[in-house]
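A.B. asks: Following this message is one structure expressed as structure tokens.
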Amino acid sequence: MVVVGAGMVGAACALYLARAGLAVTVVDRGPVAGGTSGAGEGNLLVSDKGPGPELDLALRSQELWRSLAEEELGARGESFEYEAKGGLVVAFTPADFAALQVFAATQNEAGVRAEEVPAEQLSEFEPHLAPDVAGGFWYPQDAQVMPALAAARLLKASGAALRLGSAVTGLLMSDGAVRGVRTTSGEIPARIVVNAAGLWSGAIAELAGSALPVQPRRGFVLVTEPLPPLIRHKVYSAAYVSDVSSSDAALQSSGVVEGTPSGPVLIGASRERVGLDRTPSYDALGRLAGQAAELFPFLERVAVQRYYCGFRPYLPDHLSAIGPDAHVAGLYHAAGHEGAGIGLAPATGELIAALVTGTKPMVDPEPFRPGRFADGCGCSEEAAR
Amino acid sequence: MTVDFTFDGRPMTAESGQTVGGALLAAGVLSWRTTRVNGRPRGLFCGIGVCFDCLVTVNGEPNVRACLVPVSHGDVVVTQEGDGRG
Amino acid sequence: MAENASDAAFDVAFDVAVIGAGPAGMAAATTAADHGLRVALIDAGRQLGGQYFRHPAPGLTAPWSAELHHGWAEFERLAARVETSPRVEVLFEHQVWAVEAVEAVGSVPAVAAVGSVEPVPAGAAVGSVESVPAGAAVGSAELAGAVASVGVAEPVSVAVGTAFKVLTDRGPIAATSVVLATGAYERVVPFPGWDLPGVFTAGGAQALLKGNLVLPGRRVVVAGTGPLLLPVAAGLAAAGANVLGLYDANRVRGYAKHPIPLLTNPAKLAEGLDFARRFLRHRVPLRSGYLVVEAQGTDLLEAVVLARPDGTGRRRVECDALAIGYGLAPQIDLGLTLGCEPRYLADGTVALRVDTDQRTTVPGFYAVGETAGVAGVQTSLAEGEIAGLAIAAQAGGGSRPADAVALRRRRDRQRAFADVIRLQHPVPPAWRAHLTGDTVVCRCEEVSAHAVTEAVAELGAADARTVKLLTRAGMGWCQGRVCGYAVACLAQRDPDVPPSAADLLAAAKRPLARPVPLGVLAEQDRRK
Chain E
0 MVVVGAGMVG AACALYLARA GLAVTVVDRG PVAGGTSGAG EGNLLVSDKG
50 PGPELDLALR SQELWRSLAE EELGARGESF EYEAKGGLVV AFTPADFAAL
100 QVFAATQNEA GVRAEEVPAE QLSEFEPHLA PDVAGGFWYP QDAQVMPALA
150 AARLLKASGA ALRLGSAVTG LLMSDGAVRG VRTTSGEIPA RIVVNAAGLW
200 SGAIAELAGS ALPVQPRRGF VLVTEPLPPL IRHKVYSAAY VSDVSSSDAA
250 LQSSGVVEGT PSGPVLIGAS RERVGLDRTP SYDALGRLAG QAAELFPFLE
300 RVAVQRYYCG FRPYLPDHLS AIGPDAHVAG LYHAAGHEGA GIGLAPATGE
350 LIAALVTGTK PMVDPEPFRP GRFADGCGCS EEAAR
Chain S
0 MTVDFTFDGR PMTAESGQTV GGALLAAGVL SWRTTRVNGR PRGLFCGIGV
50 CFDCLVTVNG EPNVRACLVP VSHGDVVVTQ EGDGRG
Chain U
0 MAENASDAAF DVAFDVAVIG AGPAGMAAAT TAADHGLRVA LIDAGRQLGG
50 QYFRHPAPGL TAPWSAELHH GWAEFERLAA RVETSPRVEV LFEHQVWAVE
100 AVEAVGSVPA VAAVGSVEPV PAGAAVGSVE SVPAGAAVGS AELAGAVASV
150 GVAEPVSVAV GTAFKVLTDR GPIAATSVVL ATGAYERVVP FPGWDLPGVF
200 TAGGAQALLK GNLVLPGRRV VVAGTGPLLL PVAAGLAAAG ANVLGLYDAN
250 RVRGYAKHPI PLLTNPAKLA EGLDFARRFL RHRVPLRSGY LVVEAQGTDL
300 LEAVVLARPD GTGRRRVECD ALAIGYGLAP QIDLGLTLGC EPRYLADGTV
350 ALRVDTDQRT TVPGFYAVGE TAGVAGVQTS LAEGEIAGLA IAAQAGGGSR
400 PADAVALRRR RDRQRAFADV IRLQHPVPPA WRAHLTGDTV VCRCEEVSAH
450 AVTEAVAELG AADARTVKLL TRAGMGWCQG RVCGYAVACL AQRDPDVPPS
500 AADLLAAAKR PLARPVPLGV LAEQDRRK
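Which chain is which? The protein sequence lines are E, S and U, in order. Under numbering that gives the first Met the number 0, the residue at position 282 of the first sequence is numbered 281, and the numbers go up by one with no gaps. Under numbering that gives the first Met the number 0, the residue at position 14 of the second sequence is numbered 13, and the numbers go up by one with no gaps. Under numbering that gives the first Met the number 0, the residue at position 10 of the third sequence is numbered 9, and the numbers go up by one with no gaps.
This is the structure:
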């Protein structure tokens, strides 16, 4: 079988499919982690998710990530900088804090550990946090990995054959079923093809005569000079949660700040729908910088060394597509995770493996059904925008 | 004209107009930074502000490029360890 | 001043912003100013002259200082023109971290472009080049061999209403045109021990001498390849260093194959003879065909080991300084991030593509001197002047003065010579063979050759970007300026395969041309 896409989701699919006993070939037009996976912070978050199918997938993923990092790959010295550092969400106004309390209560019921931290105790979590904060919540389950390294490590662990630098140019079909892929370096026969092509998964679906309305949602991340561990957790403002779930095309930005084991502090997160335009937006960068300084005033004098620009594969209902194609037998989709693909990857791979082999899935696959866009979930108008 | 400054507490003298790096080198000091991962000594390399190898702490300010900044009277220059923000 | 720009809009305070006050930038600034344009001459440093004319602060002198410079009188003339011009505002200690293209509201004549403009995504401005008549087709003239002046008399390439914001650590500077004169930096490749104190780039050793009148050491080896090694060795010797040898990794035989560029640049021949005389006088041994394969020492350089590319002929030279360089690489990050098209040169360096008037593919944005391909000081001076004239002609709406023809002819001759030099001084591919697993490749992030090899051989990194993602090579303070070329080479599993164009481009491009204090970046937004 073939997995299209050597990013984080493709790597996780390859790993769990290989573990299920399938011989896997991973094809990518570029290198490992050449798309969205190589342009993100590597967040494994539950804190930004309300109750629902995505949270279920995230909670399962948290367990799998921990096991991969601490037992499976980690035990062999194949590190990918997994850090179970926890997240701190802070509210700048009493009104925001009240909204956060309501949100956290719903999360608690859904299995998320969210602990209220009064304003006066926030400095115990983050000594350098701005003093004028109304309150916050502590999410001990939030974690982080180095995403490109994680994708490379999982791919290697899968033992899959790698065909990098090979673009998929067509799907081999007969009788409405997949028979393999045609690539720029030859044909690869396969009864099952998993479309984990991220931003390009819509194009892959089209090659099969199907559709997946994936669109890019641009984001910038600022990277500072290396610092000692002055920022201990992932820290973000409560406004982030509403930005994530918004469908607005215009620039949205909320401060998300975190340290890394290597030293630099990463600062996100902006969201814009501008196609695949990489033209730097110095306004967006400035906004991110200002928001980071609001959270951690000491950052004002710290040097920003670079920024990167990435595109989240966005589906109109903010939920990924995981499972068999509605029309083409043998074609599975594992795409459209927007900004949460690193966090959601292992449970996605596990779910794909269960669906392909017909074993009992750990997460209910129904909400992720790729066919939901075709049969009118009320999203098609949105997708067309 | 000369300029007095200190390096790791030692009194030093430079010619006016020299950079911190130039003055240290003239005094026989070749390294004033240890790296953040392996603790290796570093000093001037590219000499024109491109490589950032000559980073040093001057008057409490870390990550100053010694090859670019002129030494001033009374400067307190200190060997920078790691990221300098320790 | 541009720094005091008002909130939502800003004044295009200058007709031209020249970035870099070296020979090319000074020539561009004075020429444009002489034709009535208001010029901002921006430099990160505190003096005119750039690297080539780097000189000590006033009052600092040595008996041998004069021997460090060629063409000093020319610099003094140019500096006097800059300093006395009422229309050149020199902005020292301004670190430019990006240039943003903006579009003026309404069509503002270029020369009188003072007024309110609103920032728009740069892509919009860049895209407008396509709607410009064919005369502006940057690159085609150059590729055709510089047929130059035919049909280019109309001012076409600056789209009306396009302007730039030069973003600096002291605020933005707005100008109708920008001239990129940021010069070059030295290319080096790793070898065991190259991170020891006492190892300098050749240009670094020279800068120390020119700017501080300080020697990098008493016993010095000069090595690498390229013409820069000559003045470096000569300067060190003149200042009293014991230059133990000048080792060029390339055997310099091929010049005879290119007689025309040599004969049409007689000044270069004379310069070569002058160096030969000076080396004889200071007893500097010259060797070619040897490269440094190791620097030895514990915490300081103690010796270097040289060998032929195949590893034979090893010799150990005890020394306290090594000055090493493998040629210069254009500093073009500002232009590449803005969207200028690159040009790939025979020695693996990347420059900005320009037309015969030094226009890049972004209308209104010019590249002169080393940013258009390393070619030396005389080319820089000529190109600065050509760009200055072109911008003036553009602004005035008139045709170009006749003297530009002679200038362009001189520039073309010099560029032909520079191309011959480039062919003679490639980085010898053998450098890779002498790496050990623990040789530091990325000095900032301390990434070893072993880590890079693992990423390529085992983790699926097929290009430099992925090597960087997986190892952090190039992610440190210098943003890959030092290790970028080496990583581009190492991303090829087969050492005989040269680096890909994409990887060479990645090594030349960086999103921020300088580290920017976060508070300065935040001002971008707060200013609104």
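All C-beta atoms in this analysis are idealised placements derived from N, C-alpha and C, irrespective of residue type, glycine included.
If you measure between the beta carbons of glycine 254 of chain E and alanine 210 of chain E, is that distance less than 7 Å?
C.D. replies: Here residue 254 of chain E is taken as the residue at index 255 of the first sequence, counted from 1. Here residue 210 of chain E is taken as the residue at index 211 of the first sequence, counted from 1. Not closer than 7 Å, so no.
A.B. asks: Taking DSSP as the reference, what is the three-state secondary structure of phenylalanine 91 of chain E?
C.D. replies: On the first sequence, position 92 is the one that residue 91 of chain E refers to. If DSSP states are grouped into helix, strand and coil, phenylalanine 91 of chain E belongs with coil.
A.B. asks: If I follow the unbroken beta strand (DSSP E) through valine 193 of chain E, where does it start and stop?
C.D. replies: Stepping through the first sequence from its first residue, residue 193 of chain E is reached at position 194. From DSSP, the beta strand (DSSP E) with valine 193 of chain E extends over 192–194.
A.B. asks: Three or more C-beta pairs under 8 Å: does that hold for the stretch 480–490 of chain U against the stretch 450–468 of chain U?
C.D. replies: Taking 8 Å as the limit for Cβ pairs, the verdict is that the stretch 450–468 of chain U does touch the stretch 480–490 of chain U.
A.B. asks: Does any CB atom of chain S fall closer than 7 Å to the CB of arginine 286 of chain U?
C.D. replies: Counted from its first residue, the third sequence places residue 286 of chain U at position 287. Not an interface residue.
A.B. asks: So who's on the other strand from leucine 327 of chain U, going by DSSP bridges?
C.D. replies: Looking up residue 327 of chain U in the third sequence gives position 328. Leucine 327 of chain U is bridged to U:Glu185.
A.B. asks: Output the residue ranges of the beta strand (DSSP E) runs that lie fully inside the stretch 68–148 of chain E and measure 3 residues or longer, sorted by chain position.
C.D. replies: List check, beta strand (DSSP E) in window: 86–90, 114–117 and 134–138.
A.B. asks: Taking a cut of 8 Å between CB atoms, which residues from the stretch 218–240 of chain E lie near chain S?
C.D. replies: Answer in chain order: Glu224, Pro225, Leu226, Pro227 and Leu229.
A.B. asks: Taking the continuous beta strand (DSSP E) assigned at phenylalanine 297 of chain E, which residues delimit it?
C.D. replies: Along the first sequence, one-based indexing puts residue 297 of chain E at 298. Where phenylalanine 297 of chain E is concerned, there is no enclosing beta strand (DSSP E), given that its DSSP letter is neither H nor E.
A.B. asks: Any chance the CB of threonine 435 of chain U is under 6 Å from a heavy atom of the ligand GTP?
C.D. replies: The ligand GTP is not among the ligands present in this structure, which contains no ligands whatsoever.
A.B. asks: Just by C-beta distance, which residues in the stretch 44–70 of chain S are closer than 7 Å to chain E?
C.D. replies: Against chain E - using a Cβ distance shorter than 7 Å - the residues of the stretch 44–70 of chain S are Asn62.
A.B. asks: Quick one: using the 10 Å Cβ neighbour count with 16 as the cut-off for buried, is histidine 72 of chain S buried or exposed?
C.D. replies: Here residue 72 of chain S is taken as the residue at index 73 of the second sequence, counted from 1. Classification of histidine 72 of chain S: exposed, given that the 10 Å Cβ count is below 16.
A.B. asks: Report all residues from its chain with a CB closer than 6 Å to the CB of proline 120 of chain U; omit the five preceding and five following residues, and keep chain order.
C.D. replies: Against the third sequence, residue 120 of chain U aligns to sequence position 121. Because proline 120 of chain U sits at a pLDDT of 33, beneath the cut-off of 50, its placement in the model cannot be relied upon, and the point is left open.
A.B. asks: DSSP state of phenylalanine 278 of chain U, grouped into three classes?
C.D. replies: Translated into the one-based positions of the third sequence, residue 278 of chain U becomes position 279. If DSSP states are grouped into helix, strand and coil, phenylalanine 278 of chain U belongs with the helices.
A.B. asks: Can you tell me where the beta strand (DSSP E) holding lysine 164 of chain U begins and where it ends?
C.D. replies: Counting from 1 along the third sequence, the entry for residue 164 of chain U is found at position 165. 161–167 is the extent of the beta strand (DSSP E) around lysine 164 of chain U.
A.B. asks: Using alpha carbons as the reference points, say which of U:Leu422, U:Ala233 and U:Thr360 lies closest to valine 177 of chain U.
C.D. replies: Start at 1 with the first residue of the third sequence, and residue 177 of chain U comes out as number 178. Closest option to valine 177 of chain U, Cα to Cα, is U:Thr360.
A.B. asks: Thinking just about the alpha-carbon of each residue, which of U:Asp319, U:Ala328, U:Arg342 and U:Ala294 is nearest to the one in arginine 313 of chain U?
C.D. replies: Stepping through the third sequence from its first residue, residue 313 of chain U is reached at position 314. The residue with the shortest Cα to Cα distance from arginine 313 of chain U is U:Ala294.
A.B. asks: Which of helix, strand or coil does DSSP assign to valine 70 of chain S?
C.D. replies: Looking up residue 70 of chain S in the second sequence gives position 71. It is coil, neither helix nor strand.
A.B. asks: What does the alpha-carbon distance come out to for the pair valine 362 of chain E and leucine 56 of chain E?
C.D. replies: As a working note, residue 362 of chain E is residue 363 in the first sequence. As a working note, residue 56 of chain E is residue 57 in the first sequence. Valine 362 of chain E and leucine 56 of chain E: Cα-Cα distance of roughly 6 Å.
A.B. asks: For alanine 173 of chain U, does the three-state DSSP call read helix, strand or coil?
C.D. replies: Walking along the third sequence from the start, residue 173 of chain U turns up at place 174. Correct three-state label for alanine 173 of chain U: strand.
A.B. asks: CB serine 200 of chain E to CB alanine 334 of chain E, shorter than 7 Å?
C.D. replies: To locate residue 200 of chain E, count along the first sequence from 1; it is residue 201. To locate residue 334 of chain E, count along the first sequence from 1; it is residue 335. Result yes, Cβ atoms of serine 200 of chain E and alanine 334 of chain E sit closer than 7 Å.
A.B. asks: Please classify glycine 158 of chain E as buried or exposed, where buried requires at least 16 other C-beta atoms within 10 Å of its C-beta.
C.D. replies: Position 159 of the first sequence, counted from the start, is the residue given in the question as residue 158 of chain E. Glycine 158 of chain E is exposed by the Cβ-count criterion.
A.B. asks: Closer than 9 Å by beta-carbon distance: list the chain E residues that pair up with arginine 84 of chain S, in chain order.
C.D. replies: If you number the second sequence from 1, residue 84 of chain S lands on position 85. Neighbours of arginine 84 of chain S on chain E, chain order: Glu224, Pro225, Leu226, Pro227, Leu229 and Val301.
A.B. asks: On the criterion of 16 or more Cβ atoms from any shown chain inside 10 Å, does serine 379 of chain U qualify as buried, or is it exposed?
C.D. replies: One-based indexing of the third sequence puts residue 379 of chain U at position 380. The residue in question, serine 379 of chain U, is buried, as its Cβ has 16 or more Cβ neighbours within 10 Å.
A.B. asks: Have a look at the DSSP bridge pairing and note the partners of histidine 332 of chain E.
C.D. replies: Numbered from 1 along the first sequence, position 333 holds the residue referred to as residue 332 of chain E. Histidine 332 of chain E pairs with E:Asn194 and E:Gly322.
A.B. asks: Below 8 Å, how does it come out for the stretch 166–185 of chain U and the stretch 19–35 of chain U: are there three or more Cβ pairs, yes or no?
C.D. replies: Yes, the stretch 166–185 of chain U touches the stretch 19–35 of chain U.
A.B. asks: Which runs of the alpha helix (DSSP H) fall wholly inside the stretch 390–441 of chain U and span at least 4 residues, in chain order?
C.D. replies: Segments of the alpha helix (DSSP H) lying fully in the stretch 390–441 of chain U: 402–423.
A.B. asks: Given that glycine 262 of chain E touches chain S, what residues does it touch there, using C-beta distances under 9 Å?
C.D. replies: Within the first sequence, residue 262 of chain E is the residue found at index 263, counting from 1. Here the neighbours are Arg35, Gly81 and Asp82.
A.B. asks: Could you compute how far the alpha carbon of alanine 432 of chain U sits from the alpha carbon of leucine 468 of chain U?
C.D. replies: Your numbering for residue 432 of chain U matches position 433 in the third sequence. Your numbering for residue 468 of chain U matches position 469 in the third sequence. For alanine 432 of chain U and leucine 468 of chain U, the distance between alpha carbons rounds to 24 Å.
A.B. asks: Apart from the five residues on each side of it in sequence, which residues of its chain come closer than 7 Å, Cβ to Cβ, to glycine 4 of chain E?
C.D. replies: For this step, residue 4 of chain E is matched to residue 5 along the first sequence. Taken in chain order, the residues that qualify are Asp27, Ala195, Ala196 and Gly197.
A.B. asks: In chain E, which residues lie less than 9 Å from glutamate 99 of chain U when you measure between Cβ atoms?
C.D. replies: Position 100 of the third sequence holds residue 99 of chain U. Here the neighbours are Pro279 and Tyr281.
A.B. asks: Using a Cβ-Cβ cutoff of less than 7 Å, which residues in the same chain neighbour lysine 209 of chain U once the five nearest sequence positions on both sides are dropped?
C.D. replies: Counting from 1 along the third sequence, the entry for residue 209 of chain U is found at position 210. Cβ neighbours of lysine 209 of chain U beyond the five flanking positions: Arg53, His54 and Leu67.
A.B. asks: Does arginine 480 of chain U get closer than 7 Å to chain S when you measure Cβ to Cβ?
C.D. replies: In the third sequence, the residue the question calls residue 480 of chain U occupies position 481. Taking Cβ atoms only, chain S reaches closer than 7 Å to arginine 480 of chain U, which makes this a yes.
A.B. asks: By the criterion of Cβ-Cβ separation under 9 Å, what are the contact partners of glutamine 50 of chain U in chain S?
C.D. replies: On the third sequence, residue 50 of chain U is found 51 positions in, with the first residue counted as 1. Near glutamine 50 of chain U (Cβ distances below 9 Å), the residues of chain S are Ile47.
A.B. asks: Leaving out five residues before and five after phenylalanine 367 of chain E in sequence, what residues of the same chain have Cβ atoms less than 8 Å from its Cβ?
C.D. replies: Here residue 367 of chain E corresponds to residue number 368 of the first sequence, with the count starting at 1. Here the set comprises Pro52, Leu56, Leu318, Ser319, Ala320, Ile321, Gly322 and Leu350.
A.B. asks: Give me, in chain order, the residues of the same chain whose beta-carbon lies closer than 7 Å to that of threonine 259 of chain E; leave out the 5 immediate sequence neighbours on both sides.
C.D. replies: Sequence index remark: in the first sequence, residue 259 of chain E carries index 260 (1-based). For threonine 259 of chain E, where only same-chain residues beyond five positions count, the Cβ hits under 7 Å are Leu265.
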